[in-house]
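Reviewing the structure listed below.
2 protein chains.
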Amino acid sequence: MASTADLRTEGLQEPVDVAKYLFDRLHQIGVRSVHGLPGDYNLVALDYLPDSGLTWVGSVNELNAAYAADGYARVKGISAMITTFGVGELSAINGIAGAYAEHVPIVHIVGCPSTISQRNGMLLHHTLGNGDFNVFANMNNQISCEVAKLNNPYEIANQIDHTLRECFLRSRPVYIMLPTDMVQKKVEGARLKTPINLSDPKNEPDREDYVVDVVLKYLHAAKNPIILVDACAIRHRVLPEVHDLIETTKLPVFVTPMGKGASDFNTAGFSYRTSQLNTIDFHSTHCVVRYSEYPGVTMKGVLRKVIERVDKSQLNLVKGPVVKNEIDENIDGSSTITQAWFWPRVGDYLREDDIVVTETGTANFGIWDTKFPKGVTALSQVLWGSIGWSVGACQGAALAAKDEKHDKRTILFVGDGSFQLTAQEVSTIIRHNLRVTIFCICNDGYTIERFIHGMEAEYNDIAQWQFKELVTVFGGSDKHTKKFVVRTKDQLNDLLTNEAFNSAQGLQFVELYMPKEDAPRALVMTAKASAETNARLE
Amino acid sequence: MASTADLRTEGLQEPVDVAKYLFDRLHQIGVRSVHGLPGDYNLVALDYLPDSGLTWVGSVNELNAAYAADGYARVKGISAMITTFGVGELSAINGIAGAYAEHVPIVHIVGCPSTISQRNGMLLHHTLGNGDFNVFANMNNQISCEVAKLNNPYEIANQIDHTLRECFLRSRPVYIMLPTDMVQKKVEGARLKTPINLSDPKNEPDREDYVVDVVLKYLHAAKNPIILVDACAIRHRVLPEVHDLIETTKLPVFVTPMGKGASDFNTAGFSYRTSQLNTIDFHSTHCVVRYSEYPGVTMKGVLRKVIERVDKSQLNLVKGPVVKNEIDENIDGSSTITQAWFWPRVGDYLREDDIVVTETGTANFGIWDTKFPKGVTALSQVLWGSIGWSVGACQGAALAAKDEKHDKRTILFVGDGSFQLTAQEVSTIIRHNLRVTIFCICNDGYTIERFIHGMEAEYNDIAQWQFKELVTVFGGSDKHTKKFVVRTKDQLNDLLTNEAFNSAQGLQFVELYMPKEDAPRALVMTAKASAETNARLE
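Respectively, the protein sequence lines represent chains W and C.
Throughout the first sequence, residue numbering follows the UniProt record's numbering, covering 1 to 538 in sequence.
Throughout the second sequence, residue numbering follows the UniProt record's numbering, covering 1 to 538 in sequence.
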């Protein structure tokens with residue numbers, strides 16, 4: 001006599017194990033490498049990765065893994081990571097929160113105790129000892145656009161499809177709890193022949209037309225219209241529309257460092273104020289024209305129609321400033337590498353299609369003074385601003401480029417203070433032999449904090465490391481990795497124009513010495529505004 | 001004309017700034033060093049540390065800082081750490097959750113945006129961009145015994161006193177939100193002359209007597225009574241009572257590795273089953289005799305009376321086994337350092353009053369076979385079991401010993417896989433020149449996971465590091481630090497009997513090579529049980 005479970009399985013078309021189904025779906029939506037750490041609640045699931053064409057990264061810790069998944073998703077469009085219940089997932093939570101804040105789609109799968117253990121409230125390791133197995137899911141609920149608990153085999157295939165779709169379309173992390181006893185339950189494999197529908201829902205035509213008319217009315221009337229492009233254009237995949245809009249209108253363009261809104265770090269501490277009365281906002285969930293909001297009308301369709309219907313003869317074209325790399329203007333007669341000179345100089349070093357990752361702090365602000373060649377992908381975490389993020393993100397970005405079979409260079413600019421938080425991610429870069437060049441800006445500590453408060457304070461100092469030697473300690477060979485020390489403008493010019501340096505395939509680590517109390521002008525301005533906001537009494 | 005704020009301040013006796021008040025209170029309850037990282041929302045507060053006699057540790061990242069605060073509190077009785085809003089506190093949350101699970105009192109202070117920014121829902125960095133400033137406090141509420149938001153100067157002194165008292169008495173983390181605009185508000189300094197009352201509430205005498213009678217009835221009737229001592233005896237400060245009970249009754253004693261209850265890792269996967277019908281449980285909040293629970297009757301008073309009233313003539317004394325370090329019994333004729341031989345051998349190396357920290361995995365189970373000399377403090381994280389914890393905890397423990405002016409040795413046993421997660425905490429050990437010896441067990445990866453599932457699986461492999469060289473990279477000089485490699489029993493014997501090694505003051509790092517597929521017997525047994533629990537279908 002067949003058990004209930006057997007009967008259920010017999011009714012399935014082409015039954016496959018839950019883990020196989022989940023991982024096949026990840027592969028279908030573009031994931032190739034999966035970040036994370038093994039833990040006793042996820043081990044059996046990990047066995048299924050290779051058969052779905054997925055590579056296990058083998059991260060060094062979960063926070064780094066989350067940062068790396070973030071970087072991977074920013075380049076590849078989506079990413080996945082696997083952690084273990086409690087200890088693993090909580091170590092990653094800051095990275096996931098950052099992805100939520102910055103609209104980065106990460107599928108976070110958490111191997112958790114069996115549904116039986118959960119029902120019985122067993123006193124297991126990696127729990128708080130109070131029998132509550134939902135605490136961590138509840139925490140993640142705050143920073144995920146969907147939480148799925150795969151507790152019932154009848155629902156699992158639907159849950160997986162729905163959750164991955166939400167992750168992609170809303171471009172934010174999702175959280176999937178996978179109990180140990182569900183990993184090998186059977187679900188319907190025939191569903192896998194139909195890919196998950198990832199197309200954006202269309203706007204209601206009448207509403208969309210209405211908004212387009214309003215937009216065009218104010219666009220045509222604008223005295224000095226400019227297009228301001230923010231990160232959601234990338235995250236919500238409207239770059240073709242943005243490019244067409246620019247191409248069609250020839251309007252001047254300003255690109256902000258990030259995010260959906262005007263955050264303080266995104267605008268140098270609110271120094272760039274735009275009146276709501278003069279703006280038209282296009283979002284992934286709604287549009288705003290002046291003070292009028294249009295909920296449910298998403299930007300993609302609106303932009304497409306604006307491009308089609310804009311009357312170029314009515315546009316007031318005011319020429320925008322021409323941006324160039326001001327290298328010569330910032331030569332100061334000394335050999336010292338100053339922030340003012342460095343960042344424009346970087347612009348000349350960069351090549352088409354490079355991936356550039358900048359850390360919160362000096363690098364994130366300095367890069368404002370760098371003019372990029374065509375096709376550069378710039379990654380930064382401006383709103384969330386978690387120091388250490390960039391080292392993980394750099395690994396993930398480089399891995400994504402490799403997975404896409406692009407022979408791109410991934411270049412990281414990170415300060416010495418930030419680097420210390422996540423230094424061991426360099427080990428993962430070496431382990432996967434990724435094409436990465438790291439500029440570690442050695443300037444004795446937390447420079448951005450110094451400019452906000454405590455220029456000479458001991459708490460802004462850091463331990464003195466031999467940074468570049470980490471490459472060797474982490475297993476980097478002389479054949480595949482290179483180490484450099486740069487202290488003068490001439491040394492840097494020599495390095496940046498060296499052909500071997502420019503075309504290297506493995507990891508290159510540059511210790512770059514700059515003065516302790518020097519900072520990019522945008523940082524000085526933002527830090528001052530930040531200190532004032534903190535101290536404000538009313 | 002004086003403003004309202006001035007009038008309020010004028011009414012205070014000996015007004016002091018909020019930060020000064022908070023830090024003076026921390027000093028009064030035993031904190032000397034404060035872990036954490038600077039961030040723009042906590043910088044001004046950090047300026048106040050030295051004036052209250054507190055030292056800033058300058059941790060390398062927040063998770064390590066939390067682990068270190070955990071280790072510090074386990075040795076010193078309480079600890080404190082300071083992080084910044086969002087990014088900092090979330091990086092620490094796994095460490096705080098572990099302290100909650102294992103009853104470790106940590107005062108976690110989070111520098112957060114000003115009350116004005118919060119009220120206005122400003123789009124600031126380190127937020128989710130949705131104007132909700134309570135998300136992280138809500139998460140922490142799950143893993144803290146008290147959450148205090150210091151938003152109102154009239155309440156702050158009371159809030160601080162109450163929160164620190166809860167932290168100490170309930171022996172669990174508390175969470176304090178300190179907005180930037182409250183740091184320098186005035187509170188009543190005269191209160192500081194009266195220390196916070198940290199005495200345990202007394203039991204109601206009648207209820208206590210009732211429980212004592214029941215306990216004695218079953219204790220006298222027991223056929224083979226033994227005393228089982230778990231970690232709460234330390235955490236809730238009843239060690240004097242426990243020692244007196246053992247001394248008075250002469251009953252055999254078994255000490256578990258940790259925790260208030262019988263967790264799976266604490267009992268080798270529930271292999272030691274004790275019938276509830278045969279047990280008397282003493283807790284910090286209640287007592288349990290057989291199936292009867294006595295809420296509100298705490299162990300301290302009950303134990304004291306049991307000691308006074310026990311009738312020794314009625315006790316059935318059955319001699320317990322004599323424990324010794326079985327070194328010779330485990331010599332196997334090979335030069336290889338096996339787990340079976342190593343852990344008893346460690347017992348001979350240890351000295352009175354050493355602090356021994358063991359990592360989840362091989363070390364935590366191996367140490368079961370190590371007999372300690374008198375006065376050894378053993379730290380492990382058996383219930384929460386977060387790998388990497390021990391490196392941070394070791395730093396905190398050694399710093400606590402230093403702060404107590406004890407010239408104790410702190411000795412860490414950690415596997416290579418776990419070590420990689422938090423390796424940079426070695427930098428903090430060097431920075432503060434702490435007396436630490438690290439045995440890094442190099443056996444090619446996550447051994448405990450191998451024994452649960454995937455003995456040969458690639459996901460249980462780790463990157464190959466030159467572990468001991470990290471000491472130099474992190475700034476360790478030849479004068480203050482030493483590095484060793486040990487591959488044979490003879491080499492280990494030589495090292496462990498070397499007087500210079502035994503009496504060294506700074507950091508010593510030992511790369512200790514052991515076979516990949518070897519594990520302590522308790523780990524093998526627990527891993528098997530764990531795999532079975534994970535796979536159980538009903």
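For every residue, glycine included, the Cβ atom is placed at its ideal position computed from N, Cα and C.
These numbers were taken from a predicted model, which means no experiment stands behind them.
Item                                                                                                                                                                      : Value
Around the C-beta of C:Arg74, are 16 or more other C-beta atoms found within 10 angstroms, so that it is buried, or is it exposed?                                        : buried
Here's the rule I'm using: 16 or more other beta-carbon atoms within 10 Å means buried, otherwise exposed. How should W:Ala340 be labelled?                               : buried
Check whether the Cβ of W:Gln505 lies closer than 8 angstroms to any Cβ atom in chain C.                                                                                  : no
Using a Cβ cut-off of 8 angstroms, which residues of the segment 412-424 of chain W contact any Cβ in chain C, in chain order?                                            : Gln420, Leu421, Thr422, Ala423, Gln424
For C:Val306, is the beta carbon positioned less than 7 angstroms from some heavy atom of the ligand ATP?                                                                 : As for the ligand ATP, it is missing from this structure, which has no ligand bound.
I'd like to confirm the pairing. Which residues does DSSP put opposite W:Cys145 in its beta bridges?                                                                      : For W:Cys145, which the question treats as bridged, DSSP gives no partner whatsoever.
In whole angstroms, what separates the C-alpha of C:Lys408 from that of W:Ser380?                                                                                         : 45 angstroms
Contact check, C:Arg435 vs C:Gly506 under 8 angstroms by CB: the rounded distance?                                                                                        : 7 angstroms
Would you mind working out which of C:Glu247, C:Val242, C:Leu315 sits nearest C:Asp281, comparing C-alpha positions?                                                      : C:Val242
Do C:Gly77 and C:Gly36 count as a contact pair if the criterion is CB distance below 8 angstroms?                                                                         : no
Going along chain C in order, which residues have a C-beta closer than 8 angstroms to the C-beta of W:Glu469?                                                             : Glu469, Thr472, Val473
Going by DSSP, what residues sit across from C:Thr83 in a beta bridge?                                                                                                    : C:Val110
Determine the direct distance from the alpha carbon of C:Asp181 to that of C:Asn152, and round the result to whole angstroms.                                             : 10 angstroms
Determine, using beta carbons only, whether C:Asn364 comes closer than 8 angstroms to chain W.                                                                            : no
Give a yes or no on whether the C-beta atoms belonging to W:Val107 and W:Met177 are separated by under 8 angstroms.                                                       : no
How is W:His283 classed by DSSP in three states: helix, strand or coil?                                                                                                   : coil
Can you find a CB in chain W that lies within less than 8 angstroms of the CB of C:Trp343?                                                                                : no
Counting only runs of 4+ residues fully inside the segment 342-430 of chain C, write out the alpha helix (DSSP H) ranges in chain order.                                  : 362-366, 389-403, 416-421
Any residues in the segment 129-143 of chain W with a beta carbon nearer than 8 angstroms to a beta carbon of chain C? Which ones, in chain order?                        : Gly129, Val135, Asn138, Met139, Gln142, Ile143
Step through the CB atoms of chain W and report whether any lies within less than 8 angstroms of the CB of C:Tyr41.                                                       : yes
Where does C:His432 fall in DSSP's three states?                                                                                                                          : coil
Does any C-beta atom of chain C lie closer than 8 angstroms to the C-beta of W:Asn158?                                                                                    : no
Count the CB pairs spanning the segment 119-139 of chain C and the segment 83-90 of chain C that are closer than 8 angstroms, and state whether there are at least three. : yes
Given this structure, state the Cα-to-Cα distance separating W:Ser144 from W:Asp311, to the nearest angstrom.                                                             : 41 angstroms
Can you tell me which residues form a DSSP beta bridge with C:His35?                                                                                                      : C:Met81
To the nearest whole angstrom, what separates the beta carbons of C:Glu208 and C:Gly301, a pair I think is in contact under 8 angstroms?                                  : 5 angstroms
From the DSSP secondary-structure annotation, give me the bridge partner or partners of W:Ala17.                                                                          : Correcting the residue identity first, residue 17 of chain W is Asp in this sequence and not Ala. According to DSSP, W:Asp17 bridges with W:Lys186.
From the DSSP output, read off the bridge partner residues of C:Val44.                                                                                                    : Paired residues: none, contrary to the question.
Is any beta-carbon of chain W found at less than 8 angstroms from that of C:Ser117?                                                                                       : yes
Using DSSP with H/G/I as helix, E/B as strand and the rest coil, what is C:Lys528?                                                                                        : helix
Residues in its own chain within less than 8 angstroms of W:Ile234 by CB, not counting five upstream and five downstream?                                                 : Arg74
For W:Glu14 and W:Tyr21, what's the separation of their Cα atoms in angstroms?                                                                                            : 11 angstroms
Quick one: using the 10 Å Cβ neighbour count with 16 as the cut-off for buried, is C:Thr472 buried or exposed?                                                            : buried
Got a sec? Which residues, its chain only, sit under 8 angstroms from residue 586 of chain W by beta carbon, not counting five neighbours each side?                      : Residue 586 of chain W lies beyond the residue range present for chain W, which begins at 1 and ends at 538; the question has no answer from this structure.
If C:Glu89 and C:Phe136 are in contact, beta carbons under 8 angstroms, what's the gap, nearest whole angstrom?                                                           : 6 angstroms
Are there 16 or more other CB atoms within 10 angstroms of the CB of C:Val350, so buried, or fewer, so exposed?                                                           : Strictly speaking, residue 350 of chain C in this sequence is Leu, with Val absent from that position. With 16 or more Cβ atoms within 10 Å of its Cβ, C:Leu350 is classed as buried.
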